[in-house]
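Colleague: Just add 110 to wherever you are in the sequence shown, counting from 1, and you've got my numbering. My structure is below; once you've seen it, I'll send some questions.
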Amino acid sequence: MTLPGLSQAASPEFTDAASCRAWLEHVPLANVAAAQVQLSRQLAEFNRLPIGATQRLGVMEALREAVNFVQIEQARRFSNRALPMSDAEVAAFTATIGLWREMLLGYERCIEGASNGDSAMRAQAGLLCQRVLFYIGLRMFHHHRAYREVPAGDWRSLHAAYAAAEKLGVAAEPVKDFLNRDVQDTSPRVAYARAVLTALCNPNELTQRQLTFVAYLLERWASKLEISTKPVAEDEGVPPLVAELESDACPSRGPAAATREPRYLDTRKLAKSLRNRVALLRKGESPAKLALGEDCVQPACEQLLVHLYRHWCVGKAS
111 MTLPGLSQAA SPEFTDAASC RAWLEHVPLA NVAAAQVQLS RQLAEFNRLP IGATQRLGVM
171 EALREAVNFV QIEQARRFSN RALPMSDAEV AAFTATIGLW REMLLGYERC IEGASNGDSA
231 MRAQAGLLCQ RVLFYIGLRM FHHHRAYREV PAGDWRSLHA AYAAAEKLGV AAEPVKDFLN
291 RDVQDTSPRV AYARAVLTAL CNPNELTQRQ LTFVAYLLER WASKLEISTK PVAEDEGVPP
351 LVAELESDAC PSRGPAAATR EPRYLDTRKL AKSLRNRVAL LRKGESPAKL ALGEDCVQPA
411 CEQLLVHLYR HWCVGKAS
């Protein structure tokens with residue numbers, strides 16, 4: 111991981127969690143465009159500041175809730191709109207991706223400390239890896255929201271962050287993330303799985319409402335995706351789902367590359383949950399009773415679950 115340089119000339123409005131919280135009280139969150147500009151500028155300046163990793167982590171955690179609110183509101187300006195985007199929509203999209211990038215960089219600086227032997231950061235390695243994977247995943251998700259290709263380098267970053275979690279022995283370490291709407295229990299593996307499964311469902315074919323449902327489902331079900339260094343006993347005729355951790359590509363079904371260390375993604379628990387829900391829907395059960403949300407209605411709910419099953423579990427187009 112090669113990060114941008116630090117500078118003694120950096121002069122952000124905050125340097126620790128307390129001063130950050132005080133500064134946030136004056137950020138005009140009611141004006142989300144202006145708030146996004148302020149957050150981006152000050153976080154970019156803070157990311158240049160040479161300070162201790164513990165102090166840096168405190169600031170990053172203090173910023174999360176405000177950044178998340180602003181980003182969700184700004185995303186409304188470029189999602190669910192006619193394509194091609196207008197200049198204003200492109201500007202909102204670019205600014206949103208830029209702020210995700212700054213959040214990611216802040217946590218990458220912390221995880222660099224954990225990898226370099228900082229004992230305080232090493233103790234927080236599970237949280238740091240989850241946060242890094244979370245923000246890479248959000249950057250990808252907002253490209254899906256805008257029906258744009260994930261940029262070159264993002265898959266490499268995601269795989270590298272997951273590989274770092276494995277190396278640090280924290281891939282499955284439980285982490286709390288209170289930015290999740292309903293299920294706050296997560297881990298680096300779950301954050302990685304959410305990004306992978308979102309990309310695998312062919313998001314460019316889905317409406318904004320369907321993408322929101324996929325995000326809702328994965329908050330609950332991404333933990334069902336297991337990751338192994340050894341091949342998985344797939345159903346007959348189903349090729350393995352393989353992640354090449356040294357690549358810049360989305361995992362796909364097919365033989366693993368002979369020259370690289372693959373990870374095999376086991377979707378069997380996910381497949382069972384999807385098949386069970388589809389069967390019960392066909393028997394007349396309501397989506398709400400099956401914990402599929404109040405907004406999911408038939409027959410669209412069943413059709414989307416079948417689409418997800420085909421893309422996630424057998425690798426066939428719906």
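Cβ coordinates follow ideal geometry from the N, Cα and C atoms, glycine included. Computed from a prediction, not measured in an experiment: that's the story for all the values here.
1) Which of helix, strand or coil does DSSP assign to P298?
2) Spatial neighbours of A381 within its chain, please: C-beta separation below 6 Å, excluding the five flanking residues on both sides.
3) Look up Y374 in the DSSP assignment and give the residues it is bridged to.
4) Flag this pair as yes or no: are the beta carbons of R266 and S129 separated by less than 8 Å?
5) Out of V280, K334, I161 and V177, which has the shortest C-alpha to C-alpha gap to A140?
6) Just the Cα atoms here: how many angstroms apart are L307 and H253?
7) Identify which residue in A325, Y302, D264 and A271 has its Cα closest to the Cα of D292.
8) What does the Cβ neighbour count give for N190, buried or exposed, with the cut at 16 atoms within 10 Å?
9) Give me the residue from Q408, N386, E395 and G403 with the minimum Cα distance to Y419.
10) Rounded C-beta distance between F288 and C406? I'm assuming under 8 Å.
11) If you follow the alpha helix (DSSP H) that C360 is part of, which residue opens it and which one closes it?
12) Could you spell out where the alpha helix (DSSP H) holding R174 opens and where it closes?
Modeller: Inspection of the coordinates gives the following:
1) Within the sequence shown, residue 298 is the residue found at index 188, counting from 1. P298: helix per DSSP, three-state reduction.
2) Here residue 381 refers to the residue found at position 271 when the sequence shown is read from its first residue. So the list reads C423, once near-sequence residues are dropped.
3) Here residue 374 refers to the residue found at position 264 of the sequence shown. The partner list for Y374 (beta bridge, DSSP) reads S338 and V352.
4) The count along the sequence shown starts at 1 and reaches residue 266 at position 156. The count along the sequence shown starts at 1 and reaches residue 129 at position 19. For R266 and S129, no; Cβs fall outside 8 Å.
5) Start at 1 with the first residue of the sequence shown, and residue 140 comes out as number 30. The shortest C-alpha separation from A140 is found at V177.
6) To locate residue 307, count along the sequence shown from 1; it is residue 197. To locate residue 253, count along the sequence shown from 1; it is residue 143. The alpha-carbon atoms of L307 and H253 are separated by roughly 15 Å.
7) The residue given as residue 292 occupies position 182 in the sequence shown. When the alpha-carbon of D292 is set against those of A325, Y302, D264 and A271, the nearest one is in A325.
8) Taking the first residue of the sequence shown as position 1, residue 190 is located at position 80. By the neighbour-count rule (16 or more Cβ atoms within 10 Å), N190 is not buried but exposed.
9) As a position in the sequence shown, residue 419 is number 309, starting the count at 1. It is N386 whose Cα lies nearest to the Cα of Y419.
10) For this step, residue 288 is matched to residue 178 along the sequence shown. For this step, residue 406 is matched to residue 296 along the sequence shown. The Cβ separation is near 24 Å, so there is no contact.
11) On the sequence shown, position 250 is the one that residue 360 refers to. Premise fails: C360 is in no alpha helix (DSSP H) and is neither H nor E.
12) Sequence index remark: in the sequence shown, residue 174 carries index 64 (1-based). Start and end: A163 to A185.
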